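Visitor:
There are 2 protein chains.
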Amino acid sequence: MTRIVKKFGGTSLGDLSRIRRAAERVAAARQAGEEVAVVVSAMAGETNRLVALCREAAPLHDAREYDAVVASGEQVSAGLFAIVLQSLGVPARSWAGWQIPIRTDDRHSAALISEIETAALQERLARGEVPVVTGFQGLGPDNRITTLGRGGSDTSAVALAAALRADRCDIYTDVDGVYTTDPRIVTRARKLARISYEEMLEMASLGAKVLQIRSVALAMTHGVRVQVLSSFADEPGTLLVNEDEIVEQELVTGLAYSHNDAVITVYGVPPRPGRVADVFGPLADAGIVVDMIVQSKTPAEGAAEITFTVPRDDLARALDVLGTAREKIGYSRLEHNTDVVKISVIGIGMRSHAGVANTMFRTLAEKGIPILAISTSEIKISVLIDAAYTELALRALHSAYDLDAAE
Amino acid sequence: MTRIVKKFGGTSLGDLSRIRRAAERVAAARQAGEEVAVVVSAMAGETNRLVALCREAAPLHDAREYDAVVASGEQVSAGLFAIVLQSLGVPARSWAGWQIPIRTDDRHSAALISEIETAALQERLARGEVPVVTGFQGLGPDNRITTLGRGGSDTSAVALAAALRADRCDIYTDVDGVYTTDPRIVTRARKLARISYEEMLEMASLGAKVLQIRSVALAMTHGVRVQVLSSFADEPGTLLVNEDEIVEQELVTGLAYSHNDAVITVYGVPPRPGRVADVFGPLADAGIVVDMIVQSKTPAEGAAEITFTVPRDDLARALDVLGTAREKIGYSRLEHNTDVVKISVIGIGMRSHAGVANTMFRTLAEKGIPILAISTSEIKISVLIDAAYTELALRALHSAYDLDAAE
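For the protein sequence lines, the chains are A and B, in the order given.
When the letters of the first sequence are read in order and numbered with numbering that gives the first Met the number 0, they come out as residues 0 to 406.
When the letters of the second sequence are read in order and numbered with numbering that gives the first Met the number 0, they come out as residues 0 to 406.
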């Protein structure tokens, strides 16, 4: 018998009519002979409401109490989902993380799942009952509720699918799959039938918001087949699979973009052995991750210009750190800019094909878009450009890599 | 060291400014050297919202799922209360019923507390921490959340006070104590400094809505001193104590009234041995509790008229049962009336004093108020009258029994 874990996000559970629609999908799958376990997020807006209450209670609050408060959202949606399933004639019961239990470490609000005891769930599944499990949460070693961090329900679902050795984990969300790029910007973006775990990891970490990164990494580690699909449409979504299951490999699978970077340029760094360490050492000490780095070509003995990116949220802190270290580094001035975008082309096909980078640079040059910085990995190339060119660059690259859907 | 359990109801926790006010009371008590454990209801309106969601999910829903959904309200308020206490410098943590655990039987939505394990709480109290416990809920034998029924948080608080051998259980509510009668009707009603458990039981079961009846019975059984007081005023409330602690016993302690009764009159019941059993037997079989009964004085051999009250919620069912039994009873016609009120005078002083009933009948007669039915117990006398006379009767009786506050 096929065993499927179905996870429904907040927008799929926005009100009772949507919960009913989601429950009908579960009933239909069971009718078709599948064993189904459900993982639910909180109803849309509920987690935000509870987080706001905690903040109002005290700006700095005990993460253990925050977890107890915020985890109640899934307790409600799981109970309601079970009630609706029962009303459709499907035997069901809700399971809170602490009841199963889904054991985690003690990092409250950012806990890692350590173990899921499945004996009870296995037994219920075998007799045709649908377990409805609260996503996003587990039980810490101190017998208190932990949460996995925002978006953690995807991770709960994949972990449960791995523990139950499910044949597939369906993640129902408000988009109907993974696209070659953001269809709101590139109208000819295509939905991918399949994508490899590694490509999905890059897509997620480079700005695509379809799945939580952790859940993709977990799926890759445990070989869980994950399907991303819409709870509002009756069509297959995108399947995350092993690389070797993708028969016809495209050179490039997708384009991602993110506005999460800020660029800093340090001018007039005097010629001295270790000057680069003088700049990046204090930032590393402050826990700020530096990404793309460009050092200007200057006469060997002259002053250098060093450009690099940091997460936008760390910009103020980075400028502060560099200000303090000014005398030691001896630079003349700093500039920073947040009006930039990082655009990435991603594809496992790059491993065996040259010319991917060249196509990118040529395409951007043809459109007159200056490249501010570049970084590469085995399966992606990212460039930093002025944010004003975001749409132009994405559309041009989407065509250049033959990703456009047929008209 | 004095140990107090403080219970805050929903209106005392209506928003975060009210939660802060409640937490400040706890901080002040601790400052004054008291050990404090807190029991919380859900924030005002929250339980109703969750109940409505369950009803919308399915009119007939699994009580176990209802319990899981509805119990989340206290989980939120307990976490927030703990956060606010911590922000006031008071060490605190929230405890869900399942964490302590507060064990109950398996009657979901109407569970009875069977045991409270207090070892962990005792240890925390001893080192100065304030446990904030979710009211209204516990853990059933199947490891699922149970709830105690609406208003169950009072019962949770009294049970916890008994288990912790607390010196007192303070119930903070939106009234500042127990009054001789409803002050919205009788402006000269007085707040009682003390009332005996038995009187409070009668007051609660006869319509006074200050405390849940079960919590009063539990306090009486375990000898828990309960104080009812307002979370919005800084003054002592009403203390529930043993009868022997009330030094100056009044003849009458208070007046209660309730609109929960309906009256039925069966006309023309033929003279036959066992005719009363023919009327009340079918009602008893249907689980309908008959309260006040009046049988008209008729010639020994003639047809009788039998009048009695049933709970208003059971009226339709009672008429149905009597309709079905018409042939067997052989009555000529039925009449019913819901426009009645039951007014009760309550006082342990009645045990040793005659004349209480007489004062009641004389006072009502002087005001021209007909008495439709009477029932009595050791410490109360109740009369059923036309609802239109409610205020007139309460005010007249309040004066007649010398209950009026000095002007």
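We put the beta carbon where it would ideally sit given N, CA and C, even for glycine.
These figures come from a predicted structure and were not determined experimentally.
Go through its chain and collect everything with a Cβ distance to glutamate 304 of chain A's Cβ below 8 angstroms, but skip five positions before and after it.
Guide: Taking the first sequence and counting its residues from 1, one reaches residue 304 of chain A at position 305. Excluding positions up to five away in sequence, the list reads Thr264, Val265, Tyr266, Gly267, Val268, Gln294, Ser295 and Thr297.
Visitor: Taking only the alpha-carbon atoms, compute the straight-line gap between valine 39 of chain B and alanine 77 of chain B and give it to the nearest angstrom.
Guide: Walking along the second sequence from the start, residue 39 of chain B turns up at place 40. Walking along the second sequence from the start, residue 77 of chain B turns up at place 78. Spanning the two alpha carbons is a distance of roughly 6 angstroms.
Visitor: Could you tell me the distance, in whole angstroms, from the CA atom of proline 310 of chain A to the CA atom of valine 215 of chain B?
Guide: As a first step, residue 310 of chain A is located in the first sequence; it is residue number 311 there, counting from the start. As a first step, residue 215 of chain B is located in the second sequence; it is residue number 216 there, counting from the start. Straight-line Cα distance between these residues: approximately 60 angstroms.
Visitor: Please identify the residue among B:Thr145, B:Gly134 and B:Phe80 whose C-alpha is closest to the C-alpha of alanine 109 of chain B.
Guide: Position 110 of the second sequence, counted from the first residue, corresponds to residue 109 of chain B. Selected option, being the one with the closest Cα: B:Thr145.
Visitor: Anything in chain A within Cβ reach of isoleucine 101 of chain B, meaning under 9 angstroms, just list it in chain order.
Guide: Along the second sequence, one-based indexing puts residue 101 of chain B at 102. Per Cβ cutoff of 9 angstroms: no residues; isoleucine 101 of chain B is ~14 angstroms from chain A at best.
Visitor: For the alpha helix (DSSP H) containing isoleucine 82 of chain B, name the first residue and the last one.
Guide: Walking along the second sequence from the start, residue 82 of chain B turns up at place 83. Where isoleucine 82 of chain B is concerned, the enclosing alpha helix (DSSP H) stretches over 71 to 86.
Visitor: Going along chain A in order, which residues have a C-beta closer than 8 angstroms to the C-beta of isoleucine 112 of chain B?
Guide: Counted from its first residue, the second sequence places residue 112 of chain B at position 113. Result: empty, since nearest Cβ-Cβ is about 20 angstroms, beyond 8 angstroms.
Visitor: Just to confirm, is the Cβ distance from alanine 81 of chain B to serine 71 of chain B under 7 angstroms?
Guide: Reading the second sequence from its first residue, position 82 is the one you call residue 81 of chain B. Reading the second sequence from its first residue, position 72 is the one you call residue 71 of chain B. No.
Visitor: Can you pull out the residues from the stretch 50 to 71 of chain B whose beta carbon lies closer than 9 angstroms to at least one beta carbon of chain A?
Guide: Here the close residues are Leu52, Cys53, Glu55, Ala56, Ala57, Pro58, Leu59, His60, Asp61, Arg63, Glu64, Tyr65, Asp66, Ala67, Val68, Val69, Ala70 and Ser71.
Visitor: When you compare the stretch 339 to 346 of chain A with the stretch 379 to 398 of chain A, are there three or more beta-carbon pairs, one atom per stretch, that lie closer than 8 angstroms?
Guide: Yes: the two stretches touch, three or more of their Cβ pairs being nearer than 8 angstroms.
Visitor: Is it right to say arginine 48 of chain A is buried, meaning 16 or more other beta carbons lie within 10 angstroms of its own, or is it exposed?
Guide: To locate residue 48 of chain A, count along the first sequence from 1; it is residue 49. So arginine 48 of chain A ends up on the exposed side.
Visitor: If you draw a straight line from the C-alpha of glycine 280 of chain B to the C-alpha of proline 270 of chain B, how long is it?
Guide: Here residue 280 of chain B corresponds to residue number 281 of the second sequence, with the count starting at 1. Here residue 270 of chain B corresponds to residue number 271 of the second sequence, with the count starting at 1. If I take the Cα positions, the gap works out to 17 angstroms.
Visitor: Closer than 7 angstroms, CB to CB, is valine 37 of chain B near chain A or not?
Guide: The sequence position of residue 37 of chain B within the second sequence is 38, counting from 1. Not one chain A Cβ lies under 7 angstroms of valine 37 of chain B.
Visitor: Over the uninterrupted beta strand (DSSP E) stretch that includes serine 374 of chain A, give me the two end residues.
Guide: Stepping through the first sequence from its first residue, residue 374 of chain A is reached at position 375. Serine 374 of chain A -> beta strand (DSSP E) spans 372 to 376.
Visitor: Mind pulling the chain A residues with CB within less than 8 angstroms of asparagine 142 of chain B?
Guide: Numbered from 1 along the second sequence, position 143 holds the residue referred to as residue 142 of chain B. Near asparagine 142 of chain B (Cβ distances below 8 angstroms), the residues of chain A are Gln98.
Visitor: Using three-state DSSP, classify glycine 354 of chain A as helix, strand or coil.
Guide: The residue you call residue 354 of chain A lines up with position 355 of the first sequence. Coil at glycine 354 of chain A, not helix or strand.
Visitor: Using only CA atoms, which one of B:Val262, B:Arg224 and B:Arg19 lies nearest to valine 289 of chain B?
Guide: Taking the second sequence and counting its residues from 1, the one referred to as residue 289 of chain B is at position 290. The shortest C-alpha separation from valine 289 of chain B is found at B:Val262.
Visitor: Would a check of beta-carbon distances place valine 83 of chain A closer than 7 angstroms to chain B?
Guide: Counting from one through the first sequence, the residue named residue 83 of chain A turns up at place 84. Chain B, which has a Cβ nearer than 7 angstroms to the Cβ of valine 83 of chain A, makes this yes.
Visitor: Within 8 angstroms, do at least three Cβ pairs link the stretch 22 to 41 of chain B to the stretch 246 to 262 of chain B?
Guide: Output reads no: the stretch 22 to 41 of chain B does not touch the stretch 246 to 262 of chain B.
Visitor: Quick check on lysine 190 of chain B: does DSSP put it in helix, strand or coil?
Guide: Taking the first residue of the second sequence as 1, we reach residue 190 of chain B at position 191. Three-state result, lysine 190 of chain B: strand.
Visitor: Below 7 angstroms between beta carbons: does that hold for alanine 188 of chain B and alanine 255 of chain B?
Guide: In the second sequence, the residue the question calls residue 188 of chain B occupies position 189. In the second sequence, the residue the question calls residue 255 of chain B occupies position 256. Cβ atoms of alanine 188 of chain B and alanine 255 of chain B: not closer than 7 angstroms.
Visitor: Buried or exposed for lysine 6 of chain B, please, with buried defined as at least 16 other CB atoms from any protein chain shown within 10 angstroms of its CB.
Guide: Residue numbering aside, residue 6 of chain B sits at position 7 when the second sequence is read from its first letter. Flag for lysine 6 of chain B reads buried.
Visitor: For the alpha helix (DSSP H) that serine 398 of chain A lies in, which residues bound it at each end?
Guide: As a working note, residue 398 of chain A is residue 399 in the first sequence. 389 to 399 is the span of the alpha helix (DSSP H), which, as asked, contains serine 398 of chain A.
Visitor: Which class does phenylalanine 307 of chain B belong to by DSSP, given the choice of helix, strand or coil?
Guide: For this step, residue 307 of chain B is matched to residue 308 along the second sequence. Phenylalanine 307 of chain B falls in the strand class under three-state DSSP.
Visitor: My understanding is that glutamate 198 of chain A touches glycine 346 of chain A, with C-beta atoms under 8 angstroms, so please give their C-beta distance in whole angstroms.
Guide: Here residue 198 of chain A corresponds to residue number 199 of the first sequence, with the count starting at 1. Here residue 346 of chain A corresponds to residue number 347 of the first sequence, with the count starting at 1. Their Cβ separation, rounded to whole angstroms, is 7 angstroms, which keeps glutamate 198 of chain A and glycine 346 of chain A in contact under 8 angstroms.
Visitor: Only counting runs of 3 or more residues, tell me where the beta strand (DSSP E) segments fall wholly within the stretch 225 to 305 of chain A, in order along the chain.
Guide: Fully enclosed beta strand (DSSP E) runs of 3 or longer: 225 to 229, 237 to 240, 253 to 257, 260 to 268 and 292 to 294.
Visitor: Taking all protein chains shown into account, do 16 or more other C-beta atoms lie within 10 angstroms of the C-beta of serine 195 of chain A, making it buried, or fewer, making it exposed?
Guide: For the purposes of this step, residue 195 of chain A is taken as the residue at position 196 of the first sequence. Counting Cβ neighbours within 10 Å, serine 195 of chain A comes out buried, since at least 16 surround it.
Visitor: When burial is assigned at 16 or more other CB atoms within 10 Å of the CB, is aspartate 260 of chain A buried or exposed?
Guide: In the first sequence, residue 260 of chain A corresponds to position 261, counting from 1. Buried is the call here.
Visitor: Glutamate 34 of chain A lies in the beta strand (DSSP E); which residues open and close that run?
Guide: If you number the first sequence from 1, residue 34 of chain A lands on position 35. That run of the beta strand (DSSP E) goes 34 to 39.
Visitor: Note down the Cα distance separating valine 25 of chain B from serine 155 of chain B, rounded to an integer number of angstroms.
Guide: Residue 25 of chain B sits at position 26 when you count from the first residue of the second sequence. Residue 155 of chain B sits at position 156 when you count from the first residue of the second sequence. C-alpha separation (whole angstroms): 18 angstroms.
Visitor: Would you mind telling me which residues of chain B sit closer than 9 angstroms to glutamine 74 of chain A, beta carbon to beta carbon, in chain order?
Guide: As a first step, residue 74 of chain A must be located in the first sequence, where it is residue number 75. Result: Ala67, Val68, Ala70, Ser71, Gln74 and Ile144.
Visitor: Assign glutamine 136 of chain B to one of three DSSP states: helix, strand, or coil.
Guide: Residue 136 of chain B sits at position 137 when you count from the first residue of the second sequence. Looking at glutamine 136 of chain B - three-state DSSP - the assignment turns out to be strand.
Visitor: In chain order, what residues of the same chain have a beta carbon less than 8 angstroms from the beta carbon of lysine 366 of chain A, not counting five sequence neighbours either side?
Guide: As a first step, residue 366 of chain A is located in the first sequence; it is residue number 367 there, counting from the start. Hits under 8 angstroms: Tyr388, Leu391, Ala392 and Ala395.
Visitor: Starting from serine 86 of chain A, find everything on chain B with Cβ-Cβ shorter than 9 angstroms and list it in chain order.
Guide: Counted from its first residue, the first sequence places residue 86 of chain A at position 87. In chain order: Ala56, Ala57, Pro58, Leu59 and His60.
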